[in-house]
Each structure stands twice: as C-alpha cells, then as structure tokens.
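Read the structure below first, then the notes.
Okay, structure coming up:
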C-alpha cells in the first residue's frame, strides 16, 4: 500500500449553494456566512507536479522515482493540513542539532564565487548525509554566499584570500587539521584543476586513499568509468572522494542552517611554494571549450573594433555565431553551436544573436547567459538570464567605458 498524501479539497459550488439556501419559495434566500459552508467533502484535488517532485530520489545519471515516500533522499516537503505541500513563499529551515556524523564538502570557490561544480559537491555530500543521518560541513574560503540554501548544515570558513591566491600547501594543511579535529565520515572534493590537486594533497597528508573522479554516487556505491569507458570501477563510498563535474544535480529545495564553526588555525611554518601568482593569459588564446567568460557576436554586430575592445576590456574570450564565422569576421574555431564548439562557460555575453536552435544547443551548459538584442521576441532573449533590449553598437562602447572606469582593460 502506498502512503496516502494529504490533499486539498476541491470546492463544490453546488453543495455550497445548497448549504447556504434558507428558503426557495416565494423567493430564494441565501446565507452568505462562511460558517455554514461544509469544510469537508467534495472531490480531492491532487497536484501531480508536487507529488512527482516528492518522489524524486535521484535525477543524475538516471531519473529514479519512489512513490512510497520511504526511499532515502526523497524530498519530504512539509505539508499544511488540508492544503498539500507548503507554498514556496514559506521557507523551510532544517536544523540538525545532533548529527550521527559529519561530512566535509571542500569547495574551490574559484575567483571568489561558488561555481556550479561546488554546488554539485554540496549536493553529493547532502545525499550521503541524508542516508547516514549526518550533517554537511562546507569547508570554503569565507564569502557572502548563502550556503544554507545549497544544503550546508555547518560552515567551516577558511581565509577569504585563499580563494584568489595559489596557496595549496596552506589550504591542504588547514583541511587536514580540520579532519583531525572533527573526524568526518566522508570528505568530498571537486575533481577540478584546483580541487583535484587539493584532494590529492589532503589524501597524502591523511595517509588515506582517494577515489577520484566519481561519476555516479549513491549512499551504497560510488563508481566511475575506466579503461577508456570500457569498464566501470565501483565500491562503497570511501572516506575521500572527488566528484566529477555534472555527476550530481545541485539541490536547493530545503534551506539548511549553515551554522558557522570556529575556523581551523592557520598552519605554521614557511610554505615551500613562495611568491606564487596567477599569470595573465590572452583570452583569445583559450579554447572555447575551456573558457569561463565568453563574449559572442551575431549578425546584429557591425562595429567589430568595439567588439574587440570589449573583449580586451572584460578579459573575455571572443566567439561568434555561424553567420559571423561564415562572413569571415571571426575564425572558424571561434564558432559556437552544434556545428561548432559546445561551451560550458560560467558567463556568456551575446550581442546581436537571434538564437538559432543549433546555437542554443551549443550554450546548453552555460551557467549564466546575458543577451543584448533589439528583438524582444528573439529566442536568445528567452534563453537569457539577463536581457538588454538595445542596439549592440550602443551597449558595447558603454561597457568598455564602464570597465575602464573600474580599472579593467
């Protein structure tokens, strides 16, 4: 037998009218007081979307539903008697005062902001914590993000400067000290350029093995492909894991407490790496598949000098639509789309691009899209997170001036 879900009652106008009727002849009289309207009865109203959301156990790599409501990881939204799931306007705060264990989610926070990969690491930690009755501790350089909305029960802040500078030894020593102090059951990292390096340093410091590049994760098993994808390696989730990109879908349905813990002491001694700094690179020398910030031009761009100046001022990699590359304004390797390069940048700034289906396929993995176009009904405007209805030739010089006023370019 499946669990009965509380459902709202659908009003029956005929029954309500009959309940309000006092006299029919010679003239119908009705009582308008709400008290006489029956509070029960009528046909039950069900919200199929809400019930499906409650039944989702896993969405990546394959959708799994549990209609009994008993599976670990299934959403359990609080309900109001007779009204179904609580409205989204009433935030739910989940507080775990006495967790059975702790799980560390060590986040990169590149360039001073949480990345999509960081959110996925938090979701992976949340999945394991819910199965074990534990709490998720976000170990992250201090910032202003709302980590509670992303599933963190505790926050262990590291110095904010570590997000901008290359300090792998100090960061690894601080994480290892926190592990020794709180003894978490699992420690999760992002399998990224910085996160993967940090995970391996922490594994050596702790004397434990690292399961790197997890592509499929559940409370009972962690797995990844090997041998060029011909085989799969799997085991019970070990203590140290690094999560591959897009292995776990980000969460955000329930807000968690995000209680701050005392930061670990900064490591003593002089690090072996001194004077390390990030070297500037030519944005146009970065491949589109690796670029974090892309400024792209379409058929609506005619001032190519302003477009080039904008790319230099913002430090963005230049790209374009197929029409632009066919016309010779940009090289063929700068084309974005299904027939060009599929990009996964953190920000995609599009000027004068209508948004053909092939182009939209190429930006499906982009985190934030900003579109500038004169056509309010363009497909790119609908896809954009932020839309500017204006001529690209007017917006580009204005952005260049603003960037130079703020010390860029």
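Residue numbers (the numbering used here): -9 to 399. Where a beta carbon is used, it is the ideal one built from N, C-alpha and C, also for glycine. Predicted model, so just to flag it, every value in this text is computed and none were measured.
TODO: Return the bridge partner residues of residue 297 from the DSSP annotation.
DONE: Paired residue(s): none; residue 297 is not in a bridge.
TODO: Quick one: using the 10 Å Cβ neighbour count with 16 as the cut-off for buried, is residue 321 buried or exposed?
DONE: Counting every other CB atom within 10 Å of its CB across the protein chains shown gives residue 321 a total below 16, marking it as exposed.
Open item on the list: Taking 8 angstroms as the limit between beta carbons, can you name the residues of its chain near residue 215, skipping five residues before and five after?
Closed with: 205, 221, 222 and 223
Open item on the list: Three Cβ pairs or more, each shorter than 8 angstroms: is that satisfied between the region 99 to 112 and the region 189 to 208?
Closed with: no
Open item on the list: Short of 8 angstroms in beta carbon distance, which residues of its chain neighbour residue 373, apart from the five on each side in sequence? Order them along the chain.
Closed with: 345, 350, 353, 359 and 361
Task: residue 308 - containing beta strand (DSSP E), residue span - done: 307 to 310
TODO: Let me know if residue 98 comes out buried or exposed under the rule of 16 or more other beta-carbons within 10 Å of its beta-carbon.
DONE: buried
Task: Inter-stretch contact (C-beta, 8 angstroms, three-pair minimum) for the region 233 to 246 and the region 136 to 154 - done: Segment contact: the region 233 to 246 against the region 136 to 154, three or more CB-CB distances shorter than 8 angstroms; contact assigned.
Task: Closest by C-alpha distance to residue 241, when choosing among 300, 393 and 107 - done: 107
TODO: Give the secondary structure of residue 159 by DSSP, where H, G and I count as helix, E and B as strand, and everything else as coil.
DONE: Note: residue 159 maps to helix in three-state DSSP.
Task: Buried versus exposed call for residue 225 [16 or more other C-beta atoms within 10 Å across all chains shown] - done: The residue is exposed, with fewer than 16 neighbouring Cβ atoms inside 10 Å.
Open item on the list: Tell me whether the region 308 to 316 and the region 282 to 290 touch, counting them as touching only if at least three CB pairs, one residue from each stretch, are closer than 8 angstroms.
Closed with: As far as the Cβ criterion goes, the region 308 to 316 touches the region 282 to 290, which means the pair count is three or higher.
TODO: Starting from residue 131, follow the beta strand (DSSP E) in both directions and report where the run begins and ends.
DONE: 125 to 131
- [ ] Whole angstroms is fine: what's the gap from residue 386's alpha carbon to residue 301's?
- [x] 10 angstroms
- [ ] Starting from the N-terminal side, write out each stretch of the beta strand (DSSP E) that is 3 residues or longer and does not extend beyond the region 205 to 263.
- [x] You should have 212 to 216, 221 to 225 and 230 to 233.
Task: For residue 264 and residue 101, the rounded distance between their alpha carbons - done: 20 angstroms
Task: DSSP-derived helix/strand/coil call for residue 171 - done: helix
- [ ] Please state if the CB of residue 324 and the CB of residue 337 are separated by a distance shorter than 8 angstroms.
- [x] no
TODO: Using beta-carbon positions only, say whether residue 158 and residue 188 come within less than 8 angstroms of one another.
DONE: Taking a C-beta distance under 8 angstroms as the contact criterion, residue 158 and residue 188 qualify as a contact pair.
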